[in-house]
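Last residue of the sequence shown? That's 628 in the UniProt record's numbering, and every number before it is there in order.
What follows is a set of notes on a single structure, which appears directly below.
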Amino acid sequence: EGNMPSLAGRQIGDGGRKIRLGVAVVGSESSWRNANTESIKQAVEQEKQIELFMRNAEGSQQKQIEIIRGFIAQQVDVITFTPIVETGWDEVLQEAKQAGIPVLLSDRKVKVEDDSLWTTFIGSDFIEEGRRAARWLVEDTKASGKPVRIVELQGTPGSAPAIERKQGFEEVIAEHQAMLLVDSKIGDFTYDSGQGLMESILRQGIRPDAVFAHNDDMAFGAIKAIEAAGLRPGKDIRVISVDATKLAFQAMMAGKLNVSVECNPLLGPQITKAVKDLASGKELPVHIITEEGIFTQETAHRELTTRRY
Ligand code: GYE
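Right, here's the structure in full:
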């Protein structure tokens, strides 16, 4: 930990100039993402101590690397970014470290040789989210005693949430003989990818008992495709997703989505707190993990009124 960049003694924050925070968001692929970006903006707006430089990588790792390089050249005090994929960050994070700029990972993790290249990860436990999705399905189907044929719609290849949701889901279904993953397709967390993948699955004549989509938007696309094929989503084919956005609650209340595992996008306040702690020389924990639940059609009603995203 000793070689971590430190802001102490730079005369920023309390009593000094503002803390310059560079944020490189990953894109605008889903409603979860839009809520996450908005949360960061709003949290910083409420902080008189922090000045925000926010840029959107629009789904491109190359662009995100360029944005981070721009922040380094601009000499921001802290960099926060959501790595679109896990790998390929060693070089640019080395550059940030050499410039003495601490890096906070927001929402998604990285795999790098040297973990001292980043300071703190703030976000969810994606493996647990995958397990929760699978556990629900095991519970919901166990009375039937029949095999459960599952198709999976994966998020952006190489991204932490796609890798880890798959891992957690598979870990649980492996313990149950009746659970059969008959197909797993690669999408990108968008509505369109969910729709297109589900269409092609159904066109091949596959009629699964359940679809596990790695996020709500892909599940909504899949729901559309299931309906277009004359089947009833939520009944003929169970639909399971992750995120639990407002639209997911509406889909659950309409009976089309069976369950959504919560993934909280409202990370802004934790990020601004971490930035202020850094500026005042406090040591940050390596992981700041969000607490989350799971919502079904039975509990959707209660939550819908209070959901902000
Ligand atoms: O589940 C999905 C988004 O990284 C947790 O990215 C995030 C995921 C989220 O596009 O909707």
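Idealized CB from N, CA, C, for every residue including glycine.
Just so we're clear, the structure is a prediction, and the values are computed from it rather than from any experiment.
Checklist entry - Once you ignore the five residues that flank residue 378 on each side, which residues in its own chain have a CB closer than 6 Å to its CB? => result 346
Next on the checklist: Are the CB atoms of residue 368 and residue 343 within a distance shorter than 7 Å?
Outcome noted: no
Checklist entry - Is residue 367 helix, strand or coil when you go by DSSP? => result coil
Checklist entry - Where does residue 616 sit, in a helix, a strand or coil, going by DSSP? => result helix
Checklist entry - Taking DSSP as the reference, what is the three-state secondary structure of residue 411? => result helix
Checklist entry - Going straight from the alpha carbon of residue 371 to that of residue 337, what length do you get? => result 10 Å
Checklist entry - According to DSSP, is residue 273 helix, strand or coil? => result The structure shown does not extend to residue 273, since the chain is modelled only from 320 through 628, so no value can be given for it.
Item to check | Cβ distance (whole Å) where residue 527 is taken to contact residue 470 below 8 Å | outcome: 5 Å
Next on the checklist: Check for me: the beta strand (DSSP E) holding residue 424 runs from which residue to which?
Outcome noted: 422-425
Checklist entry - What residue range is occupied by the uninterrupted beta strand (DSSP E) comprising residue 562? => result 557-562
Checklist entry - Taking all protein chains shown into account, do 16 or more other C-beta atoms lie within 10 angstroms of the C-beta of residue 615, making it buried, or fewer, making it exposed? => result exposed
Item to check | CB-CB length for residue 484 against residue 561, believed under 8 Å | outcome: 6 Å
Checklist entry - What runs of the alpha helix (DSSP H), each 4 residues or longer, lie entirely inside the region 533-599? => result 535-547, 565-572 and 587-598
Next on the checklist: Three or more C-beta pairs under 8 Å: does that hold for the region 585-595 against the region 354-369?
Outcome noted: yes
Checklist entry - Would the C-beta of residue 358 count as close to the ligand GYE, meaning under 6 Å from any of its heavy atoms? => result no
Item to check | Pair within 7 Å by beta-carbon distance, residue 422 and residue 408 | outcome: no
Next on the checklist: Does the contact criterion of 3 or more C-beta pairs under 8 Å hold for the region 461-481 versus the region 507-514?
Outcome noted: yes
Checklist entry - Does at least one heavy atom of the ligand GYE sit under 6 Å from the Cβ of residue 581? => result no
Checklist entry - Thinking just about the alpha-carbon of each residue, which of 324, 542, 608 and 564 is nearest to the one in residue 625? => result 564
Checklist entry - Helix, strand or coil for residue 337 per DSSP? => result coil
Checklist entry - Do residue 484 and the ligand GYE come close, with the Cβ less than 6 Å from some heavy atom? => result no
Next on the checklist: Rounded to the nearest angstrom, what separates residue 324 and residue 598 at their Cα positions?
Outcome noted: 11 Å
Item to check | Cross-strand partners of residue 529 (DSSP beta bridge) | outcome: 469 and 557
Checklist entry - Count the other CB atoms within 10 Å of the CB of residue 406; is the residue buried (16 or more) or exposed (fewer)? => result exposed
Item to check | Delimiting residues of the alpha helix (DSSP H) encompassing residue 485 | outcome: 479-492
Item to check | residue 448 versus residue 532 - alpha carbon distance | outcome: 12 Å
Checklist entry - Are the beta-carbon atoms belonging to residue 659 and residue 472 less than 7 Å from one another? => result Only positions 320 to 628 of the chain appear in the structure, and residue 659 is not among them; the question remains open.
Next on the checklist: Please identify the residue among 493, 555, 579 and 397 whose C-alpha is closest to the C-alpha of residue 425.
Outcome noted: 397
Checklist entry - How would you label residue 417, buried or exposed, when you count the other beta carbons within 10 angstroms and need 16 or more for buried? => result exposed
Next on the checklist: Based on DSSP bridge pairs, tell me the residues matched to residue 373.
Outcome noted: 342
Item to check | Limits of the unbroken alpha helix (DSSP H) element including residue 516 | outcome: 510-522
Checklist entry - Any idea which residues DSSP pairs residue 439 with across the strands? => result 423
Checklist entry - Is DSSP giving residue 325 helix, strand or coil here? => result coil
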